[in-house]
Structures are given as structure tokens and as C-alpha cells.
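Numbering (this note's numbering), first residue to last: 8 to 145.
Below is the structure:
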């Protein structure tokens, strides 16, 4: 299923106040990362996405660089060098994060062991898979 189809068919939350394309380059500069096509679209079209009990990080037009995605990414970059070059998408709990690189590849990072592993999923595929899992549990 495509992400857009899942959003249309389900009660997916997103920010009502989005940023515009002019703001993306400032965020990329702040993080030192060039966003991939899907991450850029995710931020511009949705801001963030939430479904049932799963809330993914994003950026909204009010908080901008103080949004969870940006603040958490900067914090992880400062404490865990292995995360540089990645943007935080989700705090999965207990120091377990899902992150995205500049080519929209999704990685799992475990702070406790400093372990970074590639999921073999692109951003939109990860989101659909994650939300489908959530849907199967509610």
C-alpha cells in the first residue's frame, strides 16, 4: 500500500501548520544533512504523522527548528557520533531510534550498544509498514 492511500483510508494525524520549501534548506544546514526526496516531501506535505499510538517526528511551521525531529536529531548527533548524517524519525523507546539518511534509507539505532543497522526500507515504505503493524495491534 502507498503512504498516501494509507493516510486517506485511515485516521492519520498530521500537523495543520506546515513549513514551506524555503525553510527546508535552513533545517538541512542546521543539521548538516541534505534531505532525501521522501523526507523533504514528508516534512512539506505532512509535517509529522501519527496513527493510533504511534507518533513519528516531524517539523511544524510554529516550532520549526524546535520541533522534535530537529531537537532530537541534534541531541543524538552531539552524544552519539554514529548518528551523524541521519535524521531522527521515531523514538521507539528505551534509547531505540529509527532514523533516515539523505537517500531516504531507514536505519535503526540503539543508543545502549551504539549499534546502527540498515532496515532495507525507504522512508515511505517504513511508515506504511509501521502503521500497518500498529493497525494490526489495535
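Ideal Cβ placement from N, Cα and C applies to all residues, glycine included. Quick caveat: nothing in here was measured; it's all calculated off a predicted structure.
With a threshold of 7 Å on Cβ separation, who are the neighbours of residue 75 within its own chain once the five nearest residues in sequence on each side are excluded?
Looking up residue 75 in the chain shown gives position 68. Only 64 meet the Cβ criterion.
Given a cut-off of 8 Å, decide if residue 17 and residue 58 are closer than it, judged by their beta-carbon atoms.
Residue numbering aside, residue 58 sits at position 51 when the chain shown is read from its first letter. Residue numbering aside, residue 17 sits at position 10 when the chain shown is read from its first letter. Yes, they are a contact pair.
Counting pairs of Cβ atoms below 8 Å between the region 13-27 and the region 66-82, do you hit three or more?
yes
Tell me the DSSP bridge mates of residue 61?
As a position in the chain shown, residue 61 is number 54, starting the count at 1. In the DSSP output, where bridge partners are listed per residue, residue 61 has 58.
Please work out which residues of its chain come closer than 8 Å, Cβ to Cβ, to residue 51, disregarding the five sequence neighbours upstream and downstream, and give them in chain order.
Translated into the one-based positions of the chain shown, residue 51 becomes position 44. Correct list, in chain order: 25, 26, 27, 28 and 31.
What does a CB cutoff of less than 6 Å around residue 80 pick up in its chain, not counting 5 residues either side in sequence?
Working through the chain shown from its first residue, we reach residue 80 at position 73. Here the set comprises 38, 94 and 95.
Three-way DSSP call (helix, strand, coil) for residue 129 in this model
For the purposes of this step, residue 129 is taken as the residue at position 122 of the chain shown. Looking at residue 129 - three-state DSSP - the assignment turns out to be strand.
Given that a residue counts as buried once 16 or more other Cβ atoms are within 10 Å of its Cβ, and exposed if not, what is residue 33?
As a working note, residue 33 is residue 26 in the chain shown. So residue 33 counts as exposed.
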